[in-house]
Structure formats: C-alpha cells, structure tokens
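Q: Starting off with a structure, shown below.
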C-alpha cells in the first residue's frame, strides 16, 4: 500500500490539491452559467416543473419593447464608461510626482473604488436630489433650477452611468499609474533630448508604451459597463417606467419579481453571448501580450 | 519619470502643485464629504433646510447612536463579518492549492483549466443567478449565511487562482528543483517552500477579496431575505427606504458601511494597489 502511494503521490497529491477549487468553481460558476442556457428553453416559475417551450422565450424577447430599452441603455452605459480610461489617465498624469504628501493624496483618489456600489448609489442619490442635492446647489448658483435627473426618462440612464463612472475612473487611474511607473526612462530621456515636449511627447513617446495598460483599462471598463446592476437597483429600480433598465436588471426583474425564470434566463443568455465576445477579445489580447513579452 | 518631476529646490512650485492637487481631491471626494457632513447634522437643521451650511450643532454621537440603537445596522454589520471572514479564508486556502498545482505541475489540460478559471471570473453574476439560487434552495441553504459564503468562495476562487498561479510561477524555479532533488513530496513542497514565500501575495489577495465580498450587493439580495442574515449593503438600501426623510441617519449608516473597506484599504494600501494592478495587468 505504502509503495503504491509512494509511486503515485507525485500526481495524486497535486490532483487532490486541485480538486476542491475546481469542483466548487466548476459546479457553482461554470455549470450554473451553462444551465442558464438550458433553462432559457423552458417556461418555469422557479418552483414547479419546467415546461419545454423551445425558442419561444427568444421569440417573445425579439418583440419585447423593454428588451430594446435595456439594449439601448447598455450601449449608453458602454459609451459613458469609455470616458473612464482617458479621465483616469489624465488624473494619473496629474498626480504622478514624488513629493512628500503625494502618497496620501493619491490614495484619497482611490477611495471611491473601495466603496460598495450601494454606497456610491446612496451618495449620488443625494447628489442628484432636486431639492437639496449638490447638483441643485451648483444650479442655483447660476440662478437655475436643477432637473430631477432620476425621474426624467431621457436623462436617468446618463445620470446613473455617470455616477458609476466615479469608481471606474479610480480603477483606470490605478492601472495607468502602474503603467507610468514602468515607463522606459531611456526613451523618455531620448525624447527630451530630441526636443519632444508636451502633447507630442505624450502622443509619440509615452502613449505607445502605455498601450498594454490602456488595452486592459478599456477591456476592464467594457466588462464593468456590461455588468452594471447594483447602481440601477439602488438608484432607480429600473424606473421611471422601466426607462433605466439594462439587460442585467431586466433579467433580475423578470425572474425575481415576475417569477418568469425561463424568460429571465433567455435575457441572461443574450447578455452571456455579448459578454463572451468581449471576454474572448480580452483574453486573446492578453495572450498576445504575454507572448510578445517572452 | 513622466511627467517631468518638479525639481526639489522649486519650493514655491511644489507648494502650488500640492495645493492644486489637494483642491482636485476635495472636488473629487465632494459627494462623499457632503454625506459625511450630513451624518453629523441634527434632524432639526435638516427640517429647517440647512443642508449645506456649517452645522450649528454637531450631532455626531446622537446620529451614530441612533443608527446602532434604532436600526438593525449592527446586526447587518455582524452578518457581513460572518459572511466575509470565512469567505476570505476559504478563498485563500483553495487558491493557494489550485495556484500551486497550475503553476508547478503542468499536465495535459492544465492550461485549459486555468483559462476556465480566468474566463469564468469575468462572467456577469446574472448569468449564473437562476441556477445558483435554485441550487441553494434545494440544498436548504437559501436565506442563510452559508449560501453567500459558498457562492463567494466559488466565485472569488477564479480571480484568486489567476493571482496565485502567476505569483507562484514567478518564484525562482531552483527552489522547486532543490525540493524535488531532496525528495520532498508535493505536500512538503507546499508547506516548506510555497507557504513561506506567498505571504505577501496572500495579504494582497486577502484585502482584495475582503473588499469584493464586503461590497457585494447583488448576491445579498438574491440569496438572502431575512434581517437575521442580511449583510450591510442590502441592509443599507432597506434602511434608505424606511428612513426617507432622516438623511442624517441614512448618511451615518452609509459612512458606517463604508468604514471597514476604507480602513482596510488605508492600512494595507500598498498590498491593495499592487494586487489590483497585478491581477489586471498580469491576468
């Protein structure tokens, strides 16, 4: 027995090490994600038996005006979130100095990132309040009245996404600061000798070296935009009149509030497909970058 | 260094620069500062419409006392600790094991398994919501802290495996060759070579996982219902519905919820930033 163990332990122990994590992740995360696709082919209230309906949920989805509202809002989120990488880069450029006290100031910029999205939602609900919010304060300084952004069907998604931008900018800023700290000093010095300054220095010497970090910042931001849920749940609950839903939120609503789990799963599957395209693009970019590094 | 460093002898420039950055920080954090200010304001002042002026009377203690005594926030806070701490410990153990194997024992399919861990980590939560909820209902764990602990351990293991695998892969290979030459078993290698060296990675991972799990809201509302198990994030949102006009109490509760991750962040700032950048950049 012990000889058998000794001969095989070089692979049995590693396998035993790997299994708990693999099984847990495989069943709870991966298998569940795939099961959603299966559920989307059924009519199911979440408790009783599932009834096979084929693609009926998808057919219904194509005719559901709410689906297009969600899709449009997902695009708005994506576009607004694209502001995070450039603003994050700008802030990183501003604070990238080694002076006594800068470390602390820099870390204050990161605070929004460690706040819960619920906290950010509550904070911005307060900023946007038309009666006493920060926004109202700014507007009244110019003698105007602040619009009630969160109850306005046209502006609500922009307002919520702009609030969610706050932590996202901080995230991009951290990434770009790491990028700025690994710049090649020789290239910068050579650029300076050649008389490159200001915008040209940034454009032709610095930005090319930040391309990898920039790619990661953009990818993380895209995925963050598509994942948006918490802020909508906290700030608007999808309202007014369902005008601020995104796919993730509509899916939650259909399943948890309307007990239409099959339909919810169909929405989740559409989101899944959109995400997979981006995840594949991201992983592909990373693998390429890793190869070129080696 | 880019941008060009401000020279050390340019005292005035440095002072102006610091002042300018400080101003930007204040603008940047203004929404949060407003909530902090509101959390020490008295109810009468809010009623009278003094939202932004300097408080005439500081009600810091009254407001926070009200949060502890009149709301269930303390209970929620405890629940959050009961959920977050076991989750972090579980993630650290599982990902050290998976990261060790995936970095040091290449086998057919190990890259595929690694890619699954990494890819799965980017999936949005909604995609697994229905089956996970159903699973917890069937296991009888729905509306218990265990449902959240199990889910968080499973989900965070994806990111954490990526993190630990890259960290262990970057350790000097000679150490592992030496261990093998001495006839050390995988378990002994783990115990005497890996564990002493991964401490900084574990610290970074612990603070990151703590923040992610503490701040979770989606799974809190999907997997729990009753006040007895609800974490602070879900609790805060309920509170906001119940105390609509008492903004000072809601603000105090908001600060209370934000405190643990912010304190952790300032205590372990270096680890947090290094971890986040390494996770994203190397990942």
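Chains as they are written, first to last, in the numbering used here: chain D, 1 to 294; chain X, 1 to 283. We put the CB at the ideal spot given by N, CA and C, even for glycine. No experiment lies behind these values; they were computed from the predicted model shown.
(1) Can you pull out the residues from the region 33 to 46 of chain D whose beta carbon lies closer than 8 angstroms to at least one beta carbon of chain X?
(2) The alpha helix (DSSP H) that contains residue 165(X), what's its start and end?
(3) Can you find a CB in chain D that lies within less than 7 angstroms of the CB of residue 124(X)?
(4) Can you tell me which residues form a DSSP beta bridge with residue 303(D)?
(5) Taking DSSP's pairing of strands, which residues face residue 43(D) in a bridge?
(6) Rounded to the nearest angstrom, what separates residue 128(X) and residue 204(X) at their Cα positions?
(7) Quick check on DSSP: helix, strand or coil for residue 283(X)?
(8) Quick one: grab the DSSP three-state call for residue 197(X).
(9) So which residues on chain D does residue 185(X) lean against when the C-beta distance must stay under 7 angstroms?
(10) Are the CB atoms of residue 114(X) and residue 194(X) within a distance shorter than 7 angstroms?
(11) Using a beta-carbon distance below 7 angstroms, is residue 97(X) in contact with chain D?
(12) Under 7 angstroms between C-beta atoms, does residue 14(X) make it to chain D?
(13) Just to confirm my understanding: we take residue 151(D), look at its own chain, exclude 5 residues before and 5 after, and list those with CB closer than 7 angstroms. What are they?
(14) DSSP state of residue 270(X), grouped into three classes?
(15) Going straight from the alpha carbon of residue 172(X) to that of residue 104(X), what length do you get?
(16) For residue 203(D), decide whether its Cβ has a neighbour in chain X, counting only Cβ atoms nearer than 7 angstroms.
(17) Candidates 193(D), 56(D), 258(D) and 272(D): which alpha carbon is nearest residue 47(D)'s?
(18) What are the start and end residues of each continuous alpha helix (DSSP H) run of 4 or more residues lying completely inside the region 161 to 210 of chain D, in chain order?
(19) Got a sec, what are the start and stop residues for the alpha helix (DSSP H) residue 290(X) sits in?
(20) Any idea if residue 252(D) is buried or exposed, counting beta-carbon neighbours within 10 angstroms, 16 or more meaning buried?
(21) Quick one, which of 35(X), 7(X) and 225(X) has its alpha-carbon nearest residue 97(D)'s?
(22) Helix, strand or coil: which one does DSSP assign to residue 122(X)?
(23) What does a CB cutoff of less than 6 angstroms around residue 37(X) pick up in its chain, not counting 5 residues either side in sequence?
(24) Express the C-alpha separation of residue 97(X) and residue 5(D) in angstroms, rounding to a whole number.
(25) Output needed in chain order: residues of the region 138 to 155 of chain X with a Cβ under 8 angstroms from some Cβ in chain D.
(26) Run the CB neighbour count on residue 47(X), radius 10 Å, all protein chains shown included, and call it buried at 16 or more, exposed below.
(27) Starting from the Cα of residue 133(X), find the closest Cα among 219(X), 154(X) and 160(X) and give me that residue.
(28) Report yes or no: is there a C-beta of chain D within less than 7 angstroms of the C-beta of residue 52(X)?
(29) According to the Cβ coordinates, are residue 246(D) and residue 254(X) closer than 7 angstroms?
(30) List, in chain order, every chain X residue whose beta-carbon is nearer than 8 angstroms to that of residue 126(D).
(31) Can you give me the start and stop residues for the alpha helix (DSSP H) that residue 152(D) sits inside?
(32) Would you check if the distance between the CB atom of residue 162(X) and the CB atom of residue 92(X) is smaller than 7 angstroms?
(33) Name the chain X residues that come within less than 8 angstroms of residue 80(D), Cβ to Cβ?
(34) Taking the straight line between their C-alpha atoms, what separation do you get for residue 244(D) and residue 80(D)?
A: The answer reads as follows:
(1) 33, 35, 36, 39 and 46
(2) Within the second chain, the letter at position 165 stands for residue 165(X). Where residue 165(X) is concerned, the enclosing alpha helix (DSSP H) stretches over 145 to 169.
(3) Here the question's residue 124(X) lines up with position 124 in the second chain. Closer than 7 angstroms: yes.
(4) Past the edges of chain D, shown from 1 to 294, lies residue 303(D), and the structure says nothing about it.
(5) By 1-based counting over the first chain, the position of residue 43(D) is 43. Paired residue(s): 51(D).
(6) Start at 1 with the first residue of the second chain, and residue 128(X) comes out as number 128. Start at 1 with the first residue of the second chain, and residue 204(X) comes out as number 204. Those two C-alpha atoms are separated by around 27 angstroms.
(7) For the purposes of this step, residue 283(X) is taken as the residue at position 283 of the second chain. Model confidence at residue 283(X) stands at a pLDDT of 37, short of 50, so the residue's coordinates are unreliable; what they give is reported in the following sentence. Coil.
(8) For this step, residue 197(X) is matched to residue 197 along the second chain. Three-state result, residue 197(X): helix.
(9) Taking the first residue of the second chain as position 1, residue 185(X) is located at position 185. By Cβ distance, chain D contributes 9 and 13.
(10) For the purposes of this step, residue 194(X) is identified with residue 194 of the second chain, where counting begins at 1. For the purposes of this step, residue 114(X) is identified with residue 114 of the second chain, where counting begins at 1. Contact: no.
(11) On the second chain, position 97 is the one that residue 97(X) refers to. Judged by the 7 angstroms Cβ criterion, residue 97(X) is in contact with chain D.
(12) Reading the second chain from its first residue, position 14 is the one you call residue 14(X). Residue 14(X) counts as touching chain D.
(13) Position 151 of the first chain, counted from the first residue, corresponds to residue 151(D). The residues are 240.
(14) Here residue 270(X) refers to the residue found at position 270 when the second chain is read from its first residue. Three-state result, residue 270(X): helix.
(15) In the second chain, counting from the first residue as 1, residue 172(X) sits at position 172. In the second chain, counting from the first residue as 1, residue 104(X) sits at position 104. Looking at the two C-alpha atoms, the distance is approximately 11 angstroms.
(16) To locate residue 203(D), count along the first chain from 1; it is residue 203. Judged by the 7 angstroms Cβ criterion, residue 203(D) is not in contact with chain X.
(17) Here residue 47(D) refers to the residue found at position 47 of the first chain. The candidate whose alpha carbon is nearest that of residue 47(D) is 258(D).
(18) 185 to 193 and 198 to 201
(19) The requested residue 290(X) is not part of the displayed model; chain X covers only 1 to 283.
(20) On the first chain, residue 252(D) is found 252 positions in, with the first residue counted as 1. The residue in question, residue 252(D), is buried, as its Cβ has 16 or more Cβ neighbours within 10 Å.
(21) Your numbering for residue 97(D) matches position 97 in the first chain. Ranking the options by Cα distance to residue 97(D), first place goes to 7(X).
(22) For the purposes of this step, residue 122(X) is taken as the residue at position 122 of the second chain. In this structure, residue 122(X) counts as coil in the three-state DSSP scheme.
(23) By one-based count along the second chain, residue 37(X) stands at place 37. Closer than 6 angstroms at the Cβ level, and outside the excluded window around residue 37(X), lies no residue.
(24) Here residue 5(D) corresponds to residue number 5 of the first chain, with the count starting at 1. Here residue 97(X) corresponds to residue number 97 of the second chain, with the count starting at 1. Their Cα atoms are separated by approximately 20 angstroms.
(25) 150, 151, 153, 154 and 155
(26) The sequence position of residue 47(X) within the second chain is 47, counting from 1. Exposed, since its Cβ has fewer than 16 Cβ neighbours within 10 Å.
(27) In the second chain, the residue the question calls residue 133(X) occupies position 133. Answer by Cα proximity: 219(X).
(28) For the purposes of this step, residue 52(X) is identified with residue 52 of the second chain, where counting begins at 1. Yes, its Cβ sits closer than 7 angstroms to a Cβ of chain D.
(29) The sequence position of residue 246(D) within the first chain is 246, counting from 1. The sequence position of residue 254(X) within the second chain is 254, counting from 1. Not in contact: residue 246(D) and residue 254(X) (Cβ atoms no closer than 7 angstroms).
(30) The count along the first chain starts at 1 and reaches residue 126(D) at position 126. Those are 31, 34, 35, 38, 247 and 251, listed as they occur along chain X.
(31) Against the first chain, residue 152(D) aligns to sequence position 152. Counting along the chain, residue 152(D) falls outside any alpha helix (DSSP H), and DSSP gives it neither H nor E.
(32) Counting from 1 along the second chain, the entry for residue 162(X) is found at position 162. Counting from 1 along the second chain, the entry for residue 92(X) is found at position 92. No. Outside cutoff.
(33) As a working mapping, residue 80(D) is identified with position 80 in the first chain. Residues of chain X passing the Cβ test: none, with the nearest at roughly 17 angstroms.
(34) The residue you call residue 244(D) lines up with position 244 of the first chain. The residue you call residue 80(D) lines up with position 80 of the first chain. Their backbone Cα atoms lie some 14 angstroms apart in a straight line.
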